[in-house]
Each structure stands twice: as C-alpha cells, then as structure tokens.
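Okay, so here's the structure we're looking at.
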C-alpha cells in the first residue's frame, strides 16, 4: 500500500478522492481496534444567566482559548472549588 501523501501533495479534492478510492481498503485492513473511554455524564446541571456584555466577554475569552463558553465556565468553576 502507498503511504498517504502529506497534505501539501493533494492539490485538490479530486486527486485526494482518487487516492483514497484506490487505497482505502488496504489502509482499513491494516487498522487495529482501539479502546475508547468516554467521560462520565455530569450528574447535575444548573442554569446561570449573564447580561449581554458579560456573554460577549465570555464568548471572546472562550474563542481565544479554543473552547465553548460552557466549557470555559465549567473550567473556571472547577479551578475555584
């Protein structure tokens, strides 16, 4: 099986699609099963209301960190507990 070319080699989607049409089966057969663990569901939820300026700030700060607003608020809350 050919190695998958690095991203820079695929100049367009048609060439990439052609590569995978020819090589997908071989790559799939070489794959190995993996064990996936999922985080436990949180047992309780709460609703918190913020004014629009606070929400804008939260969205901005979350976006800068690559997080969702809810994730950022939970992270900050867990740091303080």
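Residue numbers (the working numbering): 189 to 269.
Positions of the beta carbon are idealized from the N, C-alpha and C atoms, including for glycine.
Remember, predicted model here, so these are calculated numbers, not experimental data.
### Task
Could you work out which residue in 254, 259 and 205 is closest to residue 230 when comparing CA atoms only?
The sequence position of residue 230 within the chain shown is 42, counting from 1. For residue 230, the nearest C-alpha among the options comes from 259.
#### Entry: Coil, strand or helix - residue 240 by DSSP
Locating residue 240 in the chain shown gives position 52, where the first residue counts as 1. Residue 240 falls in the helix class under three-state DSSP.
### Query
Does the separation of the CB atoms of residue 236 and residue 246 fall below 8 angstroms?
As a first step, residue 236 must be located in the chain shown, where it is residue number 48. As a first step, residue 246 must be located in the chain shown, where it is residue number 58. Contact flag unset, no.
### Coil, strand or helix - residue 206 by DSSP
Within the chain shown, the letter at position 18 stands for residue 206. Looking at residue 206 - three-state DSSP - the assignment turns out to be helix.
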